[in-house]
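Report on one structure; see the data block that follows.
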Amino acid sequence: MKNTNKKVLLEELNEDDLKIYYYWKYLEPLQKAKEWNGPYIEEEKIKFIEFKNKYRENKYLYKNTLSTLAIKYENDFLGVVTSYWKDKKSKWLECGIVIYKNNNWEQGFGFQVFKEWIDYLFKATNANRIGISTWSGNIRMMKVASKSGMIEEARIRRGRVVKGEFYDAIQMGILREEWQNFNSISSE
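Numbering (UniProt numbering), first residue to last: 1 to 188.
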């Protein structure tokens, strides 16, 4: 994948990256990223071998297009960008980003990487639309999506419960032609 940002790279996950990814997702004691990334989803902890097998089964999203890439800064694993088909028939793709190392939050990496990821997905797949699903408490994700040209398409009021509090479920997205227009305007 062509990278326009020389500091932060998106790369295919290697064996070491998978181990680090597994650690941050399941073993890291504080789980700060989980406070923002789908804290309403109960995830069953799986063994590393299952995690690796699941990754391999879902490695390719479309032809030779990878569904998940590592986010690296100065060769240090920070997190991942992910994608999956919400509906293949309508070419509806969902994507996400998780930066696990919270000392790298709020430095602009998320926006840079997320925009690059969307561009890559539109170029490498036949996606008609790309969207995200989040919750109203995750203001940073909503800002990153909005800065990347996505619009709020749905708000399900009180659709999520986080730490006993109700929050709205949020769906944001962008169509291929909107991305092409947004991308040409933002690059001028």
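Backbone N, C-alpha and C define an ideal beta-carbon position, used for all residues, glycine too. The model shown is predicted, which means the values in this text are computed figures rather than measured ones.
| Check | Outcome |
| --- | --- |
| Three-state secondary structure (DSSP) of residue 26 | helix |
| Continuous alpha helix (DSSP H) stretch holding residue 50: start and end | 48 to 57 |
| Exposure of residue 146, with buried meaning 16 or more beta-carbon neighbours within 10 Å | exposed |
| Simplified DSSP state of residue 131, which is helix, strand or coil | strand |
| Residue closest to residue 11, alpha-carbon to alpha-carbon, out of 163, 120, 27 and 152 | 120 |
| For residue 171, the three-state DSSP class (helix, strand or coil) | strand |
| Pairwise C-alpha distance: residue 128 and residue 159 | 26 Å |
| Bounding residues of the beta strand (DSSP E) (the contiguous stretch that carries residue 159) | 151 to 162 |
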